[in-house]
Amino acid sequence: MALTGLPDGAPLAAPGTPAAILRVALDAVAALSRARTGKAVRLPGTELLGERAAIAGLSRRGPWSAGGAFRILSAVDGWVGVSLSRETDRDLVAALVEHPVETDVWEVLERWSADRRAVDVAERAQLLGIPAATVPVTPGSMPDEQAAHRCGTAGSGPRPVLIRGGGPRKHRRRRPLVVDLTSLWAGPLCARLLGLTGAEIVKVESPHRLDGARFGPSAFYDRLHAGHASVSLDLTSPAGVATLRRLVESADVVLEASRPRALRHLGIDAEEAVASGTVWTSITAYGRTGPWANRVGFGDDVAAGAGLVVRTEHGPLPCGDALADPLTGVHAAVSTAAALAGEQGCLIDVSMRDVAAFAARGPAEPHAVRRAPDGGWWVGTEHEVFPVRAPRAPRPGQRAPESGADTARVLTRWCRP
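Residue numbers (the UniProt record's numbering): 1 to 417.
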């Protein structure tokens, strides 16, 4: 709650039960790990939802996201969320509105979207590669072609994870090898949780395209990647691509968050890997199949596209800090941990939007928010009264390795010709 609302207003509760769903999922990861290894494991709790904000010192700042790169804009028939997280996104605004941008980009976008349909704003932005999504009227309900493709039966609700079976597992190591090709938050959080359950994590980056999270708060990057090995491969060279293929062939699990065509361009096919017995966990904004398979999305805009927003007299406001990211990371970890306990390889297709929609369904628990004499905020429900606390940064721990620090060691062990 502390991260949701206007800067000078009361903290607001998200729809649905995202914290409760996260807690149940974390318990499932721990139970699956214990069943596989016979050992108890200690995992973090719901503080994961505010961990990045705590480390970065973020607070609620509606109508912008806590991180400041996302905003929900008014359209002629509704609302649309847009992220300008990357410099390239901001550079593309002129092409989006079809005229030079000579003032603040958000002011330009506000004026441009105000007399257009929300779906048209989102579609045009996506054509240019700008993350954008229409905000549904009902939390967790998405009446669009991608939802129809993914969910099938009308009214069946979101399907956060789709699983397709493969061949018999070719590796059944006591300490599974997880090759992590992901970046930013959701995928690395999945890797972190798997690492805490005993898996060996190898993070792969290209020197030409480092994980963008490396350029954010170092303590947050350390939190996600401490204890993992780091491999750097030049994926613009045939040798680098060939090495990546060998590493993928050695893996028990591959984690990736690319649009499907990106890895196929390198000659790496998820379906082939799964058929040969690999557990392949794919995290995408909207799912790896369907008409929106190649759409882009980050945690805030995807959450808004799922209806995980708070409705106010000022319009919908973003909830928390990129909630779709930590929710997705934990859901991906549950499904991957379950696959490691099984006999078959499988393709685990995780949709960030469907995860957020699953968490957003239903109203928030009835409650009242009041201000205390000391300026703090308290929440009262039918069962308890408690203070609203800002997220707390975790204690500094082990540092993550520099990019490529473990390349020689890892390749010697896992990629012998």
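For glycine and all other residues, C-beta sits at the position ideal for the given N, C-alpha and C.
Test item: CB-CB of T281 and V350 under 8 Å: A contact, by the Cβ cut-off of 8 Å.
A25 versus A275 - alpha carbon distance: 27 Å
Span separating the alpha-carbon of R60 from that of A2: 7 Å
Whole-angstrom C-beta distance between V248 and A273, which should lie under 8 Å: Rounded, the Cβ-Cβ distance is 6 Å, consistent with contact.
Uninterrupted beta strand (DSSP E) stretches inside the region 386-411 (no shorter than 3 residues): Here no run is fully enclosed.
Straight-line gap, S206 to L127 (C-alpha atoms, nearest Å): Their backbone Cα atoms lie some 26 Å apart in a straight line.
Cβ-based neighbour list, R85, same chain, cut-off 6 Å, excluding 5 preceding and 5 following: Going by the sequence as given, residue 85 is Ser instead of Arg. For S85, where only same-chain residues beyond five positions count, the Cβ hits under 6 Å are A69, F298.
Closest by C-alpha distance to T125, when choosing among R159, G212, N294: Note that residue 125 corresponds to Ala in the displayed sequence, not to Thr. The candidate whose alpha carbon is nearest that of A125 is N294.
Whole alpha helix (DSSP H) elements within the region 227-251, 4-residue minimum: 238-250
Sequence-distant residues of the same chain with beta carbon closer than 8 Å to V231, five excluded per side: V202, K203, V204, E205, L247, G404, D406, T407, V410, L411
Nearest candidate by alpha-carbon position, reference V41, set D27, A53, G62, P143: Cα-wise, what sits closest to V41 is D27.
Complete alpha helix (DSSP H) runs within the region 364-388 (minimum length 4 residues, chain order): Fully contained in the region 364-388 is no alpha helix (DSSP H) run of length 4 or more.
Alpha-carbon spacing of P168 relative to A332, whole angstroms: 21 Å
Run of the alpha helix (DSSP H) containing D300, from where it starts to where it stops: It spans 299-305 - the alpha helix (DSSP H) in which D300 sits, taken as one unbroken run.
Reduced DSSP category for T336 - H, G, I as helix; E, B as strand; rest coil: helix
Cβ-Cβ separation, A122 to T182 (assumed contact under 8 Å), whole Å: Their Cβ separation, rounded to whole angstroms, is 25 Å, which puts T182 and A122 out of contact at 8 Å.
Other residues of its chain near P338: CB distance less than 7 Å, five sequence neighbours each side excluded: Reading the sequence as shown, one finds Ala at residue 338 and not Pro. Here the set comprises L32.
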